[in-house]
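Numbers given in the working numbering equal positions in the sequence shown, counted from 1, plus 5.
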Amino acid sequence: LHFPLILQFLLSMLQSRLVENGCKEEADALSSSRAEQQKLIVDRHNALRRGVKPTASNMMKMEWCSAAAENAQNWANQCTLRHSPANLRRTSKYVQCGENLFMSSAPFSWSDVLQAWYNEEKNFEYGTGAKPKGAMFGHYTQMVWHNSYKIGCGFAFCSNTTYSYFYVCQYCPAGNLIGSMKTPYKEGEPCGDCPSACEDGLCTLSENLISPCCLLYLGEITFFHAQER
């Protein structure tokens, strides 16, 4: 008598399990522990940083940071759409990192996530800031902050939330510093500040651009993200 109901229940359970397994497979493919995803994230950032307008004379080439990636993954695993506490964004005693977040109800490629952050460029005018006033641009400025040259990202599939796909990237040292938001880099010819340490329009690590004293300062300074307002 109840066989149709039992069958319907079993089919529903099977469908749910298949969907969950499919989501987990997608999540595994998006994992930032995969070398190909790390390379994609770094290469895409460098391409976007290289192409800023106006051009930048002191834009540093970005590289992967395992410590930042570990922090980002730990926070992604919390499955909450809010920024991690500042004390959980340190790669050392003196280096504080910035953070960009993205959460969605469907999976997006890392390329799409990075492009979504970068698209805030339309809300930003170099030297002026938000356009129009109050527009969000902090994800963009963090991506192109000239000396945020280390990045680490994490991804988590959060099955018990409406927005099940959670992406986190941390940028070290942190950008979006108070008083400098309108100029995330120095305008000028590419590599103008690093003519002897230049790679395809981006500065490689140089004492002229970043130093231990600079890292100490960035580790102690108060910072904010426009997207947190």
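No residue lacks a Cβ here, since even glycine has one placed at the ideal position from N, Cα and C.
TODO: Taking 7 Å as the cut-off, decide whether the C-beta atoms of residue 76 and residue 147 are in contact.
DONE: Against a cut-off of 7 Å, the Cβ pair of residue 147 and residue 76 comes out as no contact.
TODO: Report yes or no: do the stretch 185 to 195 and the stretch 55 to 67 share at least 3 C-beta pairs separated by less than 8 Å?
DONE: yes
Task: Nearest residue (CA-CA) to residue 153, options 45, 166, 144 - done: 144
- [ ] Would you tell me roughly how many angstroms separate the C-alpha atoms of residue 86 and residue 158, rounded to the nearest one?
- [x] C-alpha separation (whole angstroms): 15 Å.
Task: CB of residue 115 within 7 Å of CB of residue 45, strictly - done: yes
Open item on the list: Could you check whether the stretch 125 to 142 touches the stretch 99 to 112, counting it as contact only if at least three pairs of C-beta atoms, one from each stretch, sit closer than 8 Å?
Closed with: no
Open item on the list: Going residue by residue through the stretch 128 to 174, where are the continuous alpha helix (DSSP H) segments of at least 4 residues, counting only ones entirely within it?
Closed with: 143 to 148
Task: Which of helix, strand or coil DSSP assigns to residue 71 - done: helix
Open item on the list: Strictly by DSSP, which residues pair up with residue 56?
Closed with: Note: residue 56 sits in no beta bridge, so no partner.
Task: Exposure label - residue 33; buried when at least 16 CB within 10 Å - done: exposed
Open item on the list: Any contact between the stretch 63 to 78 and the stretch 88 to 100? By contact I mean 3 or more CB pairs, one from each, below 8 Å.
Closed with: yes
- [ ] Determine the burial state of residue 169: buried for a count of at least 16 other Cβ atoms within 10 Å of its Cβ, exposed for fewer.
- [x] buried
Task: residue 109: first and last residue of the uninterrupted beta strand (DSSP E) it sits in - done: 103 to 109
Open item on the list: Residues in the same chain with beta-carbon distance under 6 Å from residue 150, minus the five sequence neighbours each way, listed in chain order, please.
Closed with: 180, 189
- [ ] Since I believe residue 208 is in contact with residue 102 (beta carbons under 8 Å), could you give me their beta-carbon distance rounded to a whole number of angstroms?
- [x] Cβ atoms of residue 102 and residue 208 stay farther apart than 8 Å, at about 19 Å.
TODO: For residue 52, count neighbouring Cβ atoms within 10 angstroms of its own Cβ and tell me buried if that reaches 16, exposed if not.
DONE: exposed
Task: DSSP three-state assignment for residue 40, whether helix, strand or coil - done: Look at residue 40 here: in three-state DSSP terms it is helix.
TODO: With DSSP collapsed to three states, give me the class of residue 210.
DONE: coil
Task: Own chain, CB closer than 7 Å to residue 161, minus 5 neighbours either side, in chain order - done: 81, 82, 84, 171
Task: Spatially closest choice to residue 236 from 35, 173, 203, 206, by CA coordinates - done: Residue numbering for the chain in the displayed model covers 6 to 234; residue 236 lies beyond these limits and cannot be assessed.
Open item on the list: Could you pull the DSSP bridge partners for residue 203 from this structure?
Closed with: 208
Task: Residues bridged to residue 176 [DSSP beta-bridge criterion] - done: 103, 156
- [ ] Note down, in chain order, each residue of its chain lying with its Cβ closer than 7 Å to the Cβ of residue 49, except the 5 sequence neighbours on either side.
- [x] Cβ neighbours of residue 49 beyond the five flanking positions: 116, 119.
Task: Secondary structure of residue 94, DSSP reduced to three states - done: If DSSP states are grouped into helix, strand and coil, residue 94 belongs with coil.
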